[in-house]
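Protein chains in written order, with our numbering: chain Z, 1 to 332; chain C, 1001 to 1241; chain L, 2001 to 2284. Below is one structure, written out as structure tokens; comments come after it.
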Amino acid sequence: MKPDAPVSPAVRRPKMPLASSMTVNAILLAAFFLTPYLAGGSRGVLTTCITIAIFAVMAYGVDLILSYLGEMSLGHVIFWAAGGYVTGYLTTQYGVGPLATLAAVVLVSVAAALILGLITLRAREFVFALVTYAAAIVVHEIVFSTPALGASDGIVGIPMLQFSFLGLDYAANTSWRLWPVAFGLLAITVYFVARFRQSRLGRMAMMVHMNPALATSMGIDVRVVRVAVFVLSAPITALAGWLYAYQRAYVGPDMFEGYFLLMMLSAVILFGQRLLLGPLLGIAVIIIQQNYLSFGGDVNKIIMGAILVSVLIFLPKGLAGSIPALVRRLRG
Amino acid sequence: MSTVFSCRDVRVRYGASTAIEGVDLDLPKGRMIGVLGANGAGKSTLANACAGWSRGPARVTGSFRLDGTDITGLSASERARQGILLVPEGKNIFSTLTVEENILLVNRPRDTSGRFVFSTEQLYALFPRLAERRAHKGHQLSGGERQMLAIGCALLAGPKALLLDEPSIGLAPRLVVELLRSVRKLVDDGLAVLLVEQNAKAALEVVDRVMVLERGRVVMDGSAAEFVGNDKIAAAYLGGI
Amino acid sequence: MNISQQIVNGIFLGAGYAFVAIGWTILLGTAKLVNFAHGQFYMLGAFIAWYFMAAMGMPYVAAGLVAVVLMALLGAVMQVMLRGLVYDQKLTSIMIVTLGVGYMLDGAATLLFSGNPQNFVSPLRAMRIEFADVRFTMQDVAILVGALVFYALVWTVRNHTRVGTAIRAIAEDAKLAQAFGIRTGRLYIATFAFEGASVALAAVLIAPRTPILTNMGFEEVIMTFVVVVVGGIGSVGGALLAGFGLGLFIAFFGALVSPAYAMAGAFGLLLILLAVKPEGLSRG
């Protein structure tokens, strides 16, 4: 990789509507933060917001690799579950504090991503998708069969999130106290993704996505970029799992289910790729549908699958990307 | 002279750039038209557009007619079945299949009216080397043999119009002459051929008319004699050879 | 441990894996399409056959045929849906769409057939055979014979018929095939229908081994991946050999180490092979 390779004009930053401006994003995020407080103390709204925040962070991991690199990781469920299980295991078996579990979660997810990434390094692109998908299923089976990890019952009794830092005590013993933590994690994630887009790696990833031949001719090693982005995306989803463990006080093999994978993919694709707050909006739509407009688990599966399929077939640019074309058509 | 294939106002775009523009063409039965021009002038693009085929995402506008019927809406495979056979430049046979298998793939027309009928026996008679190598896979053939096979497959499909895209590439000069002379014989027997060639000298020996493309536009369209007689153009295209 | 029994188990298991994988390997080799709904196709094949037997009173063979035909149709419909994406070569989108469809099928099947385990009864399971010191049933024999016959058929069509040659041509160069007048669109549909039919047939033969659930199919997916990647993408002979090899591995691993982690063992094997030889074992 040439350290100072100029970014070719071929990588035009896509002309995005007003929504990409940082100010608008900041305002939207602030509004999201205030929502539980403005909803008149409704616990329902609060829980929904926390869930949205956590799942959105989960989705941002997939966003990184799908929207910018254009590759499909079906194994992000592993990082999500790993985040939960590492946290659950360390807190219940060793009484480890949240900052330590956070570090452990990052380490484990990065290691897992490195292993999977390096093994598929030389293989063809879709082998990467297959291997990550298979890995998720296999790890599920292992966890399901291993008593030390709770087997089919999972790990219960995860203590609440509380830490002392520089004399400051914070205990998230209620949902109200958990909300700022959840939102904080979301805000940091969004900031991280925003920085990634501007970074050299981010631009290389987009170039690899849009024109691999050009990228290679400029000295970019496509496979190394793929592994790098994959490894970077893993801890994001894993951290969502970390917080999820504290929120539910329980982790189980259900964390491996396709439900979460489909949710991550749908959220990223629904509003169109490369919209900074896209995953957050996508998750919000999905969770709101499930909490307020649910038709039962099986029908919800059909709905979510149908959304994913329809958007990809009929609106490949997602809802946000299709609006300019729609507006043009409406105008005449 | 009946026109077998014609096109009007053909424009081809790849992304933001225009490869060819405003091209009209009339290909009569029993005639060979040579399409000449420098590299990148749009010759291959024109042949591909006539066949409705392209490797990349080409956007083609304009109208195409076969025996007077509008075929603009037909896909590449449909046009091939209707009798517009393209022999593409570069990879034009299947390397993992044998000569016989390549031939097996060809869609033999049931209705042979107006078509140039060609049988496998005639093919092997025209290109004896293919007969010897019939069980060999495509990647085991030499460049010349691959070209023979490619043209042969197009002929077996009973073409009304044959579009040859740079058949001489990678072939020894003597082989090029042989090949083009074989094609000329078929033209004399009634086949309509559009020959895209970079090798202007070789093409001139066998074509009836010449169309010169420069940066996607037609700069000359006349008989072969007119081409040779036009000092400026002839010098540009024949000068160095 | 009874070695001969394990070998026989391995062979029957392997025949099953090879059978489940053949549709996928042809689809991937030809159309370069990945069908992530494969596991759900398997599940549906089993459930449709079970339904027609249990609820409609059809005999085993007839119910099986219905399942095969319906799944072939489903495969064809899927390909028609994917047509635009296939033309534009949007592989990632294709993968995600098939994943989404699989998920929809999961939800739909649970709605239609309930989430409870069902007993898919095949008359062949009751016919037990004892030979030397090995035991198996006619069901096992049916799987083995079925797999071998099916593979022979596929191999013959692929290498000695015009359709098979056209499919190989498309696998090599789909664009050029169009220039040859080959109707690639129809062949893609046929290939996807074949995938649906073959995995349904495999399910009808194999699924009666255990109670069926609408969330099943994942183990079959893993085994299919391993078979296809190890056998070489698109290679018929390779898939058959890989299937038997995997079957033997699973049988012995299950007996020597633990049956619960057999899938993990197979996956580990796949990872090792990928690390060492990314192209698989066959020329593909």
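All C-beta atoms, glycine included, are put in the ideal place defined by N, C-alpha and C. Everything numeric in this text was worked out from a predicted model, so none of it was measured.
Tell me whether residue 1198/C sits in a helix, a strand or coil according to DSSP, three-state version. Against the second sequence, residue 1198/C aligns to sequence position 198. If DSSP states are grouped into helix, strand and coil, residue 1198/C belongs with coil.
Rounded to whole angstroms, what's the CA-CA distance from residue 219/Z to residue 203/Z? Just pull it up for me. Stepping through the first sequence from its first residue, residue 219/Z is reached at position 219. Stepping through the first sequence from its first residue, residue 203/Z is reached at position 203. Distance between the alpha carbons of residue 219/Z and residue 203/Z: 14 angstroms.
How far does the alpha helix (DSSP H) with residue 316/Z in it extend, from its first residue to its last? Residue 316/Z sits at position 316 when you count from the first residue of the first sequence. No alpha helix (DSSP H) contains residue 316/Z, which DSSP labels as neither H nor E.
Under three-state DSSP, which class holds residue 2118/L? As a position in the third sequence, residue 2118/L is number 118, starting the count at 1. The DSSP-derived three-state label of residue 2118/L is strand.
Chain L contact for residue 1019/C (CB, 8 angstroms cutoff): Taking the second sequence and counting its residues from 1, the one referred to as residue 1019/C is at position 19. Interface residue (Cβ-Cβ distance to chain L less than 8 angstroms): residue 1019/C is not classified as such.
Cut-off 8 angstroms between Cβ atoms - residues of its own chain near residue 90/Z, not counting five sequence neighbours on either side: Residue numbering aside, residue 90/Z sits at position 90 when the first sequence is read from its first letter. Contacts found: 96, 100, 101 and 104.
8 angstroms Cβ cutoff, residue 229/Z in contact with chain B: No chain B is part of this structure, whose protein chains are labelled Z, C and L.
So, residue 2077/L versus residue 2201/L, is the Cβ gap smaller than 8 angstroms? Taking the third sequence and counting its residues from 1, the one referred to as residue 2077/L is at position 77. Taking the third sequence and counting its residues from 1, the one referred to as residue 2201/L is at position 201. No; because the gap between Cβ atoms is not below 8 angstroms, this pair is not in contact.
Taking residue 1031/C and residue 1022/C to be in contact with their CB atoms under 8 angstroms, please state how far apart those CB atoms are, rounded to whole angstroms. The residue you call residue 1031/C lines up with position 31 of the second sequence. The residue you call residue 1022/C lines up with position 22 of the second sequence. Contact between residue 1031/C and residue 1022/C fails: their C-beta atoms lie close to 22 angstroms from each other, not under 8 angstroms.
Within 8 angstroms, strictly: CB atoms of residue 2217/L and residue 2056/L: Walking along the third sequence from the start, residue 2217/L turns up at place 217. Walking along the third sequence from the start, residue 2056/L turns up at place 56. Cβ distance not < 8 angstroms, so residue 2217/L and residue 2056/L don't count as in contact.
Distance between beta carbons of residue 2267/L and residue 112/Z, contact taken as under 8 angstroms: Residue mapping note: residue 112/Z aligns to position 112 of the first sequence, counting from 1. Residue mapping note: residue 2267/L aligns to position 267 of the third sequence, counting from 1. A Cβ-Cβ separation of about 14 angstroms leaves residue 112/Z out of contact with residue 2267/L under the 8 angstroms criterion.
Contact check, residue 1171/C vs residue 1147/C, beta carbons under 8 angstroms: Numbered from its first residue, the second sequence carries residue 1171/C at position 171. Numbered from its first residue, the second sequence carries residue 1147/C at position 147. Residue 1147/C is positioned such that its CB atom lies closer than 8 angstroms to that of residue 1171/C.
Per-residue contacts from residue 1086/C into chain L (C-beta, under 8 angstroms): For the purposes of this step, residue 1086/C is taken as residue 86 along the second sequence, with counting starting at 1. Those within 8 angstroms of residue 1086/C in chain L are 2179.
Beta-carbon gap between residue 2229/L and residue 2274/L smaller than 8 angstroms: Here the question's residue 2229/L lines up with position 229 in the third sequence. Here the question's residue 2274/L lines up with position 274 in the third sequence. Yes, these two residues count as a Cβ contact at 8 angstroms.
Consult DSSP for residue 1137/C and reduce its assignment to one of helix, strand or coil. Residue 1137/C sits at position 137 when you count from the first residue of the second sequence. Of the three classes helix, strand and coil, the one that applies to residue 1137/C here is strand, per DSSP.
Cβ closer than 9 angstroms: which chain Z residues qualify as neighbours of residue 2141/L? Counted from its first residue, the third sequence places residue 2141/L at position 141. At a C-beta separation below 9 angstroms, residue 2141/L has no neighbours in chain Z, since its nearest C-beta there lies roughly 29 angstroms away.
Whole angstroms are fine: how far does the CA of residue 2082/L sit from the CA of residue 201/Z? Reading the first sequence from its first residue, position 201 is the one you call residue 201/Z. Reading the third sequence from its first residue, position 82 is the one you call residue 2082/L. Rounded to the nearest whole angstrom, the CA to CA distance from residue 201/Z to residue 2082/L is 32 angstroms.
Name the residue from 1131/C, 1166/C and 1183/C whose alpha carbon lies nearest to the alpha carbon of residue 1198/C. Locating residue 1198/C in the second sequence gives position 198, where the first residue counts as 1. When only C-alpha atoms are compared, the closest one is 1166/C.
Quick one: grab the DSSP three-state call for residue 1130/C. Position 130 of the second sequence, counted from the first residue, corresponds to residue 1130/C. Of the three classes helix, strand and coil, the one that applies to residue 1130/C here is helix, per DSSP.
Residue 2051/L: buried (16+ other C-beta within 10 angstroms of its C-beta) or exposed? One-based indexing of the third sequence puts residue 2051/L at position 51. Under this definition residue 2051/L is a buried residue.
Length at least 4, wholly inside the stretch 2195 to 2265 of chain L: the alpha helix (DSSP H) runs in chain order: Counting whole runs of 4 or more residues, the stretch 2195 to 2265 of chain L contains the alpha helix (DSSP H) stretches 2218 to 2231 and 2236 to 2256.
Span separating the alpha-carbon of residue 2008/L from that of residue 2134/L: On the third sequence, residue 2008/L is found 8 positions in, with the first residue counted as 1. On the third sequence, residue 2134/L is found 134 positions in, with the first residue counted as 1. Looking at the two C-alpha atoms, the distance is approximately 7 angstroms.
Going by beta-carbon coordinates alone, are residue 45/Z and residue 35/Z separated by less than 8 angstroms? Counted from its first residue, the first sequence places residue 45/Z at position 45. Counted from its first residue, the first sequence places residue 35/Z at position 35. Using a Cβ distance threshold of 8 angstroms, residue 45/Z and residue 35/Z count as a contacting pair.
Chain Z within 8 angstroms of residue 2097/L, Cβ atoms only: Numbered from its first residue, the third sequence carries residue 2097/L at position 97. Answer yes: the Cβ-Cβ gap between residue 2097/L and chain Z drops below 8 angstroms somewhere.
Does residue 2110/L have its Cβ less than 8 angstroms from a Cβ in chain C? Working through the third sequence from its first residue, we reach residue 2110/L at position 110. Output row for residue 2110/L: interface = no.
Cα separation between residue 1084/C and residue 1142/C? Counting from 1 along the second sequence, the entry for residue 1084/C is found at position 84. Counting from 1 along the second sequence, the entry for residue 1142/C is found at position 142. Looking at the two C-alpha atoms, the distance is approximately 26 angstroms.
Taking Cβ-Cβ distances below 8 angstroms as the criterion, which residues of the stretch 1025 to 1052 of chain C are in contact with chain L? Cβ proximity to chain L below 8 angstroms picks out 1051 from the stretch 1025 to 1052 of chain C.
Is the Cβ-Cβ distance between residue 2025/L and residue 2234/L less than 8 angstroms? Here residue 2025/L refers to the residue found at position 25 of the third sequence. Here residue 2234/L refers to the residue found at position 234 of the third sequence. In this structure, residue 2234/L lies closer than 8 angstroms to residue 2025/L by Cβ.
For the structure I just gave you, are there three or more beta carbon pairs, one from the stretch 294 to 307 of chain Z and one from the stretch 46 to 63 of chain Z, closer than 8 angstroms? Short answer: they don't touch.
Consider the Cβ of residue 301/Z: report whether some Cβ of chain L lies at a distance smaller than 8 angstroms. Numbered from its first residue, the first sequence carries residue 301/Z at position 301. At least one chain L Cβ lies under 8 angstroms of residue 301/Z.
Determine, using beta carbons only, whether residue 1096/C comes closer than 8 angstroms to chain L. The residue labelled residue 1096/C in the question sits at position 96 within the second sequence. So, interface residue.
Inspect the beta-carbon positions of residue 264/Z and residue 62/Z and report whether they are closer than 8 angstroms. Taking the first residue of the first sequence as 1, we reach residue 264/Z at position 264. Taking the first residue of the first sequence as 1, we reach residue 62/Z at position 62. Judged by their CB atoms, residue 264/Z and residue 62/Z are nearer to each other than the 8 angstroms cut-off.
Have a look at residue 1019/C and residue 1061/C and give me their C-alpha separation to the nearest angstrom. Counting from one through the second sequence, the residue named residue 1019/C turns up at place 19. Counting from one through the second sequence, the residue named residue 1061/C turns up at place 61. Distance between the alpha carbons of residue 1019/C and residue 1061/C is about 12 angstroms.
Please state whether DSSP places residue 260/Z in a helix, a strand or coil. Position 260 of the first sequence, counted from the start, is the residue given in the question as residue 260/Z. In this structure, residue 260/Z counts as helix in the three-state DSSP scheme.
Count the C-beta pairs between the stretch 1074 to 1090 of chain C and the stretch 1155 to 1165 of chain C that are closer than 8 angstroms, then say yes if the count reaches three, no if not. Touching, yes, given that three or more Cβ pairs across the two stretches are closer than 8 angstroms.
Label residue 1227/C either buried or exposed according to how many other C-beta atoms from any shown protein chain fall within 10 Å of its C-beta, with 16 as the threshold for buried. On the second sequence, position 227 is the one that residue 1227/C refers to. Buried, since its Cβ has 16 or more Cβ neighbours within 10 Å.
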